[in-house]
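In mature numbering (1 follows the signal peptide of the UniProt record, and there is no 0), the protein residues as written are -20 to -1, 1 to 524.
This is how it looks when you write it as structure tokens:
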């Protein structure tokens, strides 16, 4: 906790210094337009192959452009892809690339995509998110060392033509191709600098912004990329991303004008904020789920009844309505409402039972598993130090302790980066987490339960029946039938309870009404290239 307060002191000081240098024109250069964004956490990496958090996506997506990109509404639109053709069986996609350049003036080619996708499929890269690309032929085999990365199903027909071969039809492919794991990398730079290519002095990018400076636990500074193909329509010259771990403090900084926006605020402050700064408050449904992972490799959790006992004892309604208080909905399934091509209807079989009865049932399950006064059920629950997580943790601890006095959960708090490192390394017992969809399809949630998705499958859940059903569903061309098969697979996942769904997210942001171009959307992705300031737009309009 001392460390967190120390970081916040640094951030506030850095913010004040940055703003002090802005002058009347809001930038270090008197002609620059600067945006100050609160961004939840410190990036672990800005390498698209080594990042894994939404806060990293916000920065990387400002710097790089994939075949598709996000529009202001969060929907996929053409990025580097100028046009494309799909084979009749849906397995071969051929893309024609737009003419575009890296920030150092070198052309972006189909070879840069091939290089990037072979790199992420190389085991030595250590890509945490490579499993997202398993729909591409050969990526799974290459990532496990069973095949050469040069054999994956991606080839450059010429500098402007890219051919991609899929294992199965992927109706979600356009959305997947907006994700940073699929971005091209500047081969001519990465081959020279290796892992050091991400340093500000070395990095080049093909998106609206390029990396100017990165001061760890302080800020990331991006500056406008003059070689970006759509630079003429970009308003913001410089954007600073601050790791705002303490969202209450970040809210004060937004109200004081130190930050133009922050990507989160505490739900318990909703009424106060709507009263004090109603035009700043942005709340919208979100394609994401807060859930707990249970480490199934540990003997005491290798029991479906024990895992269900923990799941059924939690009072989700109390957490959603009394703790979070921003419109979150209790979750008894992993996939939230509104996901495309999905019928829903999945939930834990005990979802409709009153919570007190559920706790009595949980006690019986744990007693049947051999726990009791003479053999206490002791375990560690680890949670993130950010956002509302510290407020949820003691409530859940009380819920589990209410099963019986011999149920004894111990709370452990970690910084976000350390927390997720431990999850990927299977160094936990029960741990909180959140999943925000990378694209609008049920598979983006269910892949977290596939055994081949380890380490993203934090629980190390291994059910061949589940895996086979998801694989079969992904081969199905009939979207309605595919959705029904996905729902059947999700029911298996929920019945086995390697994860405990808690609530469905809403996205909560504070945005100064002076900022224009911000559109509330299901993905909560807001690229800086679309943002501007109202007074600047008015002055431009007057000049015309």
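In this text, a Cβ means the ideal position worked out from N, Cα and C, and glycines have one as well.
A quick note: this is a predicted structure, and the numbers were derived from the prediction, not measured.
On a Cα-Cα basis, can you pick out the residue from 438, 33, 261 and 424 that is closest to residue 486?
Out of 438, 33, 261 and 424, 261 has the C-alpha closest to the C-alpha of residue 486.
Hey, which unbroken runs of the alpha helix (DSSP H) at 4 residues or more fall wholly within the region 385 to 434?
Runs of the alpha helix (DSSP H) inside the region 385 to 434: 396 to 404 and 423 to 426.
If you scan the region 98 to 152 from start to end, which runs of the beta strand (DSSP E) of 3 or more residues do you find wholly inside it?
Entirely contained in the region 98 to 152, the beta strand (DSSP E) runs reaching 3 residues are, in chain order, 134 to 138 and 141 to 145.
Is it a yes or a no for the region 355 to 364 touching the region 382 to 392, going by three-plus beta-carbon pairs under 8 Å?
Because the criterion of three Cβ pairs below 8 Å is met, the region 355 to 364 and the region 382 to 392 touch.
Under three-state DSSP, which class holds residue 35?
Looking at residue 35 - three-state DSSP - the assignment turns out to be helix.
Looking only at its chain, what residues have a beta carbon closer than 8 Å to the beta carbon of residue 313, apart from the 5 residues adjacent to it on each side?
If we look at residue 313 and ignore the five residues flanking it on each side, its Cβ neighbours are 324, 326, 327, 328, 470, 474 and 481.
Just reading off the alpha helix (DSSP H) that residue 229 is part of, what are its end residues?
First-last of the alpha helix (DSSP H) with residue 229: 227 to 235.
Applying the 10 Å Cβ sphere with the 16-neighbour rule, what's the burial state of residue 504?
The residue is buried, with at least 16 neighbouring Cβ atoms inside 10 Å.
So residue 146 and residue 115 are supposed to be a Cβ contact under 8 Å. How far apart are they, rounded?
Rounded, the Cβ-Cβ distance is 5 Å, consistent with contact.
Would the beta-carbon of residue 149 fall within 7 Å of that of residue 247?
Not in contact: residue 149 and residue 247 (Cβ atoms no closer than 7 Å).
Would you kindly check if the distance between the Cβ of residue 88 and the Cβ of residue 530 is under 7 Å?
Given that the chain is displayed from residue -20 to residue 524, the structure contains no residue 530 and the question cannot be resolved.
Is residue 185 helix, strand or coil when you go by DSSP?
If DSSP states are grouped into helix, strand and coil, residue 185 belongs with coil.
In this structure, what does DSSP give as the bridge partners for residue 14?
Looking at the DSSP assignment, residue 14 forms a beta bridge with 218.
Pull up the distance between the alpha-carbon of residue 18 and that of residue 223, whole angstroms please.
C-alpha separation (whole angstroms): 6 Å.
Pick helix, strand or coil for residue 40, following the three-state DSSP scheme.
The answer is helix: DSSP assigns residue 40 an H, G or I state.
For the alpha helix (DSSP H) that residue 284 lies in, which residues bound it at each end?
284 to 292 is the extent of the alpha helix (DSSP H) around residue 284.
Just to confirm the assignment, what range does the beta strand (DSSP E) spanning residue 207 have?
Segment: none, residue 207 is in no beta strand (DSSP E) and carries neither H nor E.
Flag this pair as touching only if the region 120 to 136 and the region 53 to 70 have three or more C-beta atom pairs under 8 Å; answer yes or no.
No, because fewer than three Cβ pairs between the region 120 to 136 and the region 53 to 70 fall closer than 8 Å, the two stretches do not touch.
Taking only the alpha-carbon atoms, compute the straight-line gap between residue 169 and residue 84 and give it to the nearest angstrom.
Rounded to the nearest angstrom, the two C-alpha atoms are 10 Å apart.
Out of 58, 270, 177 and 92, point me to the one whose CA is closest to residue 153's CA.
For residue 153, the nearest C-alpha among the options comes from 58.
Can you give me the Cβ contacts of residue 369 inside the same chain, cut-off strictly under 7 Å, excluding the 5 residues immediately before and after it?
Only 363 and 412 meet the Cβ criterion.
Taking 6 Å as the limit between beta carbons, can you name the residues of its chain near residue 240, skipping five residues before and five after?
Closer than 6 Å at the Cβ level, and outside the excluded window around residue 240, lie 15, 16, 492 and 495.
In its own chain, which residues sit with a C-beta less than 6 Å from the C-beta of residue 36, not counting the 5 before and 5 after it?
23, listed in sequence order.
Quick check: the Cα distance between residue 235 and residue 228, rounded to an integer number of angstroms?
Distance between the alpha carbons of residue 235 and residue 228 is about 11 Å.
Can we say the region 27 to 45 touches the region 164 to 178, given the rule of at least three CB pairs closer than 8 Å?
Short answer: they touch.
Which partner residues of residue 56 appear in the DSSP bridge assignment?
Bridge partners of residue 56: 50.
Pull up the distance between the alpha-carbon of residue 306 and that of residue 263, whole angstroms please.
Looking at the two C-alpha atoms, the distance is approximately 8 Å.
Quick check on residue 192: does DSSP put it in helix, strand or coil?
Note: residue 192 maps to strand in three-state DSSP.
Rounded C-beta distance between residue 141 and residue 74? I'm assuming under 8 Å.
Indeed, because the Cβ distance is near 7 Å, the residues count as touching under 8 Å.
When burial is assigned at 16 or more other CB atoms within 10 Å of the CB, is residue 383 buried or exposed?
Buried, by the Cβ-count rule.
Roughly how many angstroms separate the alpha carbons of residue 378 and residue 337, rounded to a whole number?
For residue 378 and residue 337, the distance between alpha carbons rounds to 16 Å.
Starting from residue 444 and walking both ways along the alpha helix (DSSP H), at which residues does that stretch end?
Element bounds for residue 444: 444 to 455.
For residue 364, which residues does DSSP report across the bridge?
Note: residue 364 sits in a beta bridge opposite 394.
If you pair each beta-carbon of the region 269 to 277 with each one of the region 403 to 422, do three or more pairs fall below 8 Å?
Yes, the region 269 to 277 touches the region 403 to 422.
How long is the line joining the alpha carbons of residue 41 and residue 217, rounded to whole angstroms?
When rounded, the distance between both Cα atoms is 16 Å.
Would you please state the rounded distance, in angstroms, between the beta carbons of residue 300 and residue 483? I believe it to be under 8 Å.
5 Å between Cβ atoms; contact.
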